[in-house]
Amino acid sequence: SARAAPRAQADLVEFEKMTWVEVKAALAAGKTTALIYTGGVEERGPQDANGGHNLMAHATVEAIARELGNAIFLPVLPYTPNDAESIPGTIGITNELLAAMLERLTEQAILNGFRNVILMGDHAGGQPQVYEQVANKLNARYGALRVFYCDQVYRPASDAFDQYLAQHGYPLSLHGGIPDTSEMIYLDKDNTWVRRDLVSSAVGDPVVDGKAQIGPQSPHNGILGDARRSTAELGKRVFDMRVDYAVRQIRSLLTDLMIQPPARHPQPP
Numbered sequence: 016s017a018r019a020a021p022r023a024q025a026d027l028v029e030f031e032k033m034t035w036v037e038v039k040a041a042l043a044a045g046k047t048t049a050l051i052y053t054g055g056v057e058e059r060g061p062q063d064a065n066g067g068h069n070l071m072a073h074a075t076v077e078a079i080a081r082e083l084g085n086a087i088f089l090p091v092l093p094y095t096p097n098d099a100e101s102i103p104g105t106i107g108i109t110n111e112l113l114a115a116m117l118e119r120l121t122e123q124a125i126l127n128g129f130r131n132v133i134l135m136g137d138h139a140g141g142q143p144q145v146y147e148q149v150a151n152k153l154n155a156r157y158g159a160l161r162v163f164y165c166d167q168v169y170r171p172a173s174d175a176f177d178q179y180l181a182q183h184g185y186p187l188s189l190h191g192g193i194p195d196t197s198e199m200i201y202l203d204k205d206n207t208w209v210r211r212d213l214v215s216s217a218v219g220d221p222v223v224d225g226k227a228q229i230g231p232q233s234p235h236n237g238i239l240g241d242a243r244r245s246t247a248e249l250g251k252r253v254f255d256m257r258v259d260y261a262v263r264q265i266r267s268l269l270t271d272l273m274i275q276p277p278a279r280h281p282q283p284p
């Protein structure tokens with residue numbers, strides 16, 4: 016029988032689907048940047064699956080790795096700081112646990128042979144400080160800027176997309192609204208992440224001037240805003256914006272790194 020053609024080295028960007036031999040060869044070929052991306056599990060309305068952050072995170076970090084050309088992404092961290100709500104769907108950890116996990120994963124990536132580690136997340140809400148603290152702590156420990164927090168992928172890209180929505184007459188949303196639902200529709204190739212029949216009625220607590228207005232008459236259904244006009248076309252736009260913002264920032268960070276002194280690698284226990 017015909018043998019399956021071996022995958023080209025350039026196509027290998029997903030650490031957990033690579034063998035150790037492939038990782039070693041990729042490192043030797045210059046793929047020395049590790050990408051660590053966090054997702055999350057939380058309710059996001061009747062129309063969107065609870066693990067939407069993980070769906071978006073995996074697709075985003077893979078696209079970033081392929082666009083960079085010199086990076087490999089580690090498995091998406093599926094849990095991030097949050098608290099279970101009055102409606103089911105949220106599973107969260109603490110900031111302290113996230114920091115410990117990011118520190119451990121980063122040092123493990125360095126021990127595997129990666130020279131640079133990029134931390135990214137699909138959240139705001141106080142989490143950026145955690146990524147920054149971990150990056151600063153490890154950079155101080157190893158004597159050079161080897162660990163970076165890429166913040167452009169989430170808030171700046173989200174703000175730019177919100178501006179696009181406002182300019183084109185779309186209602187602004189926060190959690191579970193047009194940005195989330197549209198991106199999930201775009202990425203949901205097997206129709207398991209979004210309940211398409213519920214999108215037309217996916218309206219939640221109103222958002223005014225960027226803030227949710229939650230009152231006694233609010234539906235409290237996990238949506239902050241209005242997701243009813245969500246489309247795959249809008250989803251592709253916000254997805255492409257996130258990838259573009261991240262790639263440009265990471266390339267800038269790595270360019271700046273070229274003038275830094277060599278790092279001190281951690282010693283195995």
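Plus 15 on top of the position in the sequence shown (first one is 1) and you've got this note's numbering.
Cβ coordinates follow ideal geometry from the N, Cα and C atoms, glycine included.
None of the values given here were measured: they were computed from a predicted structure.
Burial state of residue i, where buried means 16 or more other Cβ atoms lie within 10 Å
i      : result
Lys32  : exposed
Lys204 : exposed
Asp224 : exposed
His183 : exposed
Gly158 : exposed
7 Å CB neighbourhood of residue i in its chain, flanking five on each side removed
i      : result
Pro194 : Ser173, Phe176, Ser188 and Val253
Asn236 : Gly60, Pro61 and Gly219
Glu198 : Met71, Gly250, Val253 and Phe254
Leu112 : none
Met256 : Ala172, Ala175 and Phe176
Pick from the options that is closest to residue i, judged by C-alpha positions
i      : options                           : result
Thr207 : Asp224, Leu268 and Gly66          : Gly66
Ala41  : Ala72, Ser233 and Ala80           : Ala80
Gln264 : Pro96, Pro221 and Pro171          : Pro171
Asp212 : Pro61, Gly55 and Tyr52            : Pro61
Glu82  : Asp259, Ser267, Leu268 and Thr270 : Asp259
Thr196 : Asn127, Pro96, Ala86 and Leu239   : Leu239
Asp98  : Val56, Asp63 and Asp203           : Val56
Ile200 : Glu111, Gln167, Leu249 and Cys165 : Leu249
Ser215 : Asn236, Asn85 and Asp241          : Asp241
Gln142 : Ile108, Tyr157, Arg156 and Glu122 : Ile108
Thr246 : Leu268, Thr270 and Ala217         : Ala217
Val209 : Glu29, Ala64 and Val28            : Ala64
Arg156 : Gln144, Glu122 and Ala181         : Glu122
Ser101 : Thr270, Leu269, Pro234 and Arg257 : Pro234
Beta-carbon contacts of residue i that lie in its chain and below 6 Å, excluding the five residues immediately before and after
i      : result
Val149 : Ala114, Leu117 and Glu118
Val76  : Leu50, Tyr52 and Phe88
Gln228 : Pro221
Met135 : Tyr52, Cys165 and Val168
Asn110 : Pro96 and Val145
Leu92  : Thr53
Presumed contact (8 Å Cβ cut-off) between residue i and residue j, rounded CB distance
i      : j      : result
His138 : Thr95  : 6 Å
Arg244 : Tyr185 : 6 Å
Tyr164 : Tyr146 : 4 Å
Gly84  : Asn69  : Wrong, their Cβ atoms sit about 25 Å apart, outside the cutoff.
Val36  : Asn127 : At roughly 13 Å, the Cβ-Cβ gap does not stay under 8 Å, so Val36 and Asn127 are not in contact.
Lys46  : Ala86  : 6 Å
Residue interval of the beta strand (DSSP E) (run including residue i)
i     : result
Ile87 : Ala86 to Phe88
Thr49 : Thr is not the amino acid found at residue 49; the sequence shown has Ala there. Element bounds for Ala49: Thr48 to Thr53.
Same chain, Cβ closer than 8 Å to residue i, five either side skipped, listed in chain order
i      : result
Arg161 : Ile125, Arg130, Asn131, Val132, Leu153, Asn154, Leu272 and Ala278
Ala74  : Leu202 and Phe254
Pro103 : Glu58
Ala20  : Unreliable positioning characterises Ala20 in this predicted model, as indicated by a pLDDT of 46, which lies under 50. A coordinate reading is not provided.
Arg266 : Leu83
Run of the alpha helix (DSSP H) containing residue i, from where it starts to where it stops
i      : result
Phe163 : Here Phe163 belongs to no alpha helix (DSSP H); instead the beta strand (DSSP E) covers Val162 to Tyr164.
Gly136 : Run containing Gly136: none in the alpha helix (DSSP H); it sits in the beta strand (DSSP E), Asn131 to Gly136.
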